[in-house]
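Numbering (the numbering used here), first residue to last: 7 to 249.
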């Protein structure tokens, strides 16, 4: 693999690139007046291996366990790691708005189509991580410092199981996308499939063929993941002449 070329890892400049609107309020930091000092401190600690991924909070959201890091420097670190891995590994992480627009455009197509909707049960809790975890931790294309932080992340949140990543942490979304990439590619390549969308645990497929075979393929998820049958349905649209 080719090493990532760009801004220096965990530098003040690279951390500046992952600042988000609303960070000052959310993390109680003054980016307006103390931005440079905050970035300098975050860079110094990150490059020295001093950021502790064990300092997190656990909570429940909609009946699911979530993890959050209140420390702003830790969040900058995790964002920077995710950003670099997304670019280097060429991971596609479509946003909800992009998917919604694609679904609407597909529905406006006058072609007769089958719409297959599937929902994955306990998505983040059941996703198999062993293979991707090892790939990331032992990937020599990443720096030893980044791999060290990745190991700490997995040791902290995934050491007692071969499945599941913590909700609420951006790095978990990256791991899940890496795990699901082969599944997504397989479904997209099936005969009759002309549009495929997945946002986390929600899947929508547009197909011109009978959905029986496709439905069987959709049930073959990675690891021990399974579908929530109560949220699955198939619809046939015969097509429309005009709007």
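Each residue gets a CB set at the ideal place from its N, CA and C atoms; glycine is no exception.
Note that the structure is predicted; figures quoted are calculated from it, not measured.
Straight-line Cα distance separating residue j from residue i
i	j	result
residue 176	residue 84	7 Å
residue 241	residue 31	44 Å
residue 48	residue 82	8 Å
residue 225	residue 35	46 Å
residue 160	residue 140	10 Å
residue 237	residue 68	16 Å
residue 136	residue 53	27 Å
residue 215	residue 119	8 Å
residue 11	residue 95	Only weak support is given to the placement of residue 11: the predicted model assigns it a pLDDT of 41, under 50, and the question is left unresolved by the model.
residue 14	residue 44	17 Å
residue 143	residue 149	10 Å
residue 195	residue 233	21 Å
residue 145	residue 243	46 Å
residue 99	residue 127	20 Å
residue 235	residue 200	24 Å
residue 27	residue 63	22 Å
residue 227	residue 109	22 Å
residue 40	residue 217	57 Å
residue 29	residue 207	27 Å
Candidates the options: closest to residue i by CA position
i	options	result
residue 60	157, 225, 224	157
residue 162	46, 58, 71	58
residue 51	80, 243, 23, 76	80
residue 182	134, 201, 244	134
residue 16	184, 46, 201	46
residue 231	136, 200, 206, 132	132
residue 107	202, 148, 223	202
residue 229	40, 86, 167	167
residue 204	37, 41, 104	104
residue 22	144, 222, 63, 86	86
residue 42	63, 20, 28	20
Contacting residues, own chain, Cβ-Cβ under 7 Å from residue i (five flanking each side not counted)
i	result
residue 55	151, 154
residue 180	88, 91, 92, 97
residue 77	61
residue 187	none
residue 18	45, 46, 49
Below-8 Å beta-carbon distance, residue i vs any chain D residue
i	result
residue 203	The structure shown has no chain D; it contains just one protein chain.
Beta-carbon proximity list for residue i, same chain, < 6 Å, skipping 5 on both sides
i	result
residue 247	For residue 247, the predicted model reports a pLDDT of 47, less than 50, meaning its position is unreliable; a value from the coordinates is still stated below. Cβ within range, chain order: n/a, list empty.
residue 239	123
residue 33	78
Own chain residues within Cβ distance below 8 Å of residue i, not counting five before or after
i	result
residue 138	181, 184, 185
residue 102	205
residue 66	72
residue 223	192, 193, 196
Rounded distance between the beta-carbons of residue j and residue i, thought under 8 Å
i	j	result
residue 38	residue 25	Residue 38 to residue 25, Cβ: 12 Å. No contact.
residue 6	residue 220	Absent from the model: residue 6. The displayed extent of the chain is 7 to 249, so no value can be given.
residue 130	residue 178	6 Å
heavy atom of the ligand FMN below 7 Å from residue i C-beta
i	result
residue 190	The model on display carries no ligand, and the ligand FMN is accordingly not part of it.
Requested in this report: Please confirm if the region 178-196 is in contact with the region 114-122, defined as three or more CB-CB distances below 8 Å between the two stretches.
Outcome: no
Query raised in the report: Does the pairing of the region 67-81 with the region 163-173 give three or more beta-carbon distances under 8 Å?
Result: yes
Query - Touching by the beta-carbon criterion (3+ pairs, under 8 Å), the region 117-131 and the region 206-214 - result: yes
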